[in-house]
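All residue numbers for the sequence shown refer to our numbering, where the first residue is -19 and numbers rise by one.
Report on the following structure.
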Amino acid sequence: MTAGAPHLSVVPVSQEWQSLYVTAKDGLKLHVHHIGNRAGTELPVFCLPGLSRNVDDFDTIGRALAAGGNRWVVALDSRGRGGSEYDPNWRNYDLKVELEDLLQVLVALGIEQAIFLGTSRGGLLTAALSTIRPTVIKAAIINDIGPVIEARGLARIRGYIGKLPKPRTIAEGAETLRRVFGTHFTDMAPEAWDRYARRTWTEKDGTLVARYDANLMRPLAELDLETPFPDLWVHFAALEPVPLMVIRGDLSDLLSRETAMEMVTRHPDARLHVVPYQGHAPLLEDEETIEAVKAFIASCGTAT
């Protein structure tokens, strides 16, 4: 943390999610959700959502982690997602820009150490952060992403980002999601699809709109899936000094079983948790996964 850097005023203890905003270096407003005890002695948990996802994906697990009253849980909407402003220049939907945003938020909140929970793109951000600011990461939980990204899964994601039909109601949206993702999430109850829909669309001027900028698809459209991806092992290797938990959906088409196993084999202090009946990316709502995450976090100690 830069000496003398301004900190935002945050309510010390909250039993419900609260919102605040941090201004990025280029002036965009970034939305931050937080819950729990900012002054707690347990390490804060900083949550980073997937490519087109938002902070509400961490609602269930965030509440569970903050429930003890001694931990602060924070989640960030990357630019163009959720409650953060959309970028007029779609080329700024880039990991380097989003990493700068993350650094800005960490300074604004005065977070010097945290456990990072990153889903998909949020996991890539966590790995990238470890290469330039390793001391801020006390432990990492990487949800369904790794150094080898399966082109098949990326092609599927490219096929629906910004292209899902606009639903008239949440119930219709839930049915759309079930049709599109049902083969990847084979054991979801109707109410779970409803929650997923509410986290995907929101009401604006009497109609439902996606909770992300459709221009997120444009950087994806430029990817040549026939060309091998850059070697990301060096980025994930930067996480080796801290405890690592890898979460993989058993039906994932983005993180292969082989890559997940190699991640924990290469790392000196890693564990793997596989979520049955779920693909990319696990929803972090089932009791087994939440308990596994809580056990991992409990083993990580306190801030130093």
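Ideal Cβ positions, reconstructed from N, Cα and C, are used throughout, including at glycine.
Computed from a predicted model, the values in this text were never measured in an experiment.
As the crow flies, the alpha-carbon of residue -4 is around 31 Å from that of residue 162.
Within the same chain, Cβ atoms closer than 8 Å to the Cβ of residue 173 are found at 154, 155, 157, 158, the five residues on either side in sequence being excluded.
Around the Cβ of residue 184, a 10 Å sphere holds fewer than 16 other Cβ atoms; the residue is exposed. In the three-state reduction of the DSSP assignment, residue 76 falls in the helix class, which pools H, G and I. Taking every protein chain shown into account, the CB of residue 99 has 16 or more other CB atoms within 10 angstroms, so this residue is buried. Closest in C-alpha terms to residue 67, from the list 240, 131, 2, 195, comes 195. Around the C-beta of residue 258, 16 or more other C-beta atoms lie within 10 Å, and the residue is accordingly described as buried. Here residue 59 has 4, 8, 10, 65, 66, 67, 72, 73, 77, 78, 81 as same chain residues with Cβ atoms under 8 Å from its own Cβ, once five neighbours each way along the sequence are excluded. The alpha-carbon separation between residue 150 and residue 203 amounts to approximately 32 Å. Under DSSP, residue 229 takes part in a beta bridge, and its partners are 255. Between the alpha carbons of residue 244 and residue 187 lies a distance of about 45 Å. With contacts defined by Cβ atoms closer than 8 Å, residue 249 and residue 208 do not form a contacting pair. Between residue 253 and residue 233, the C-beta gap is not smaller than 8 Å, which leaves the two residues out of contact. Counted as a single uninterrupted DSSP element, the beta strand (DSSP E) harbouring residue 95 occupies residues 94 to 99.
Taking 8 Å as the cut-off, the beta carbon of residue 141 is found closer than this to the beta carbon of residue 200. Ranked by how close their Cα comes to the Cα of residue 178, the residues 24, 18, 34, -1 have 34 in first place.
Judged by DSSP in its simplified three-state form, residue 158 adopts helix.
Scanning 102, 167, 108, 24 for the CA closest to the CA of residue 211 turns up 108.
With distances taken between CA atoms, residue 104 lies nearest to 31 out of 256, 31, -1, 246. By the neighbour-count definition (other C-beta atoms within 10 Å, threshold 16), residue 189 is an exposed residue. In this structure, the CA atom of residue 113 is about 36 Å from the CA atom of residue 143.
Counting only runs of 3+ residues, the beta strand (DSSP E) found wholly inside the stretch 5 to 42 occupies 9 to 17, 25 to 28, in chain order.
Shown here, residue 189 sits in a strand according to DSSP, grouped into three states. In this structure, 28 is the residue among 28, 14, 130 with its C-alpha nearest to the C-alpha of residue 75.
Rounded to whole angstroms, residue 1 and residue 240 show a C-alpha spacing of 35 Å. According to DSSP, residue pairing for residue 2 in a beta bridge involves 10.
Take the alpha-carbon of residue 221 and the one of residue 281: they are about 14 Å apart. Judged by their CB atoms, residue 231 and residue 123 are not nearer to each other than the 8 Å cut-off.
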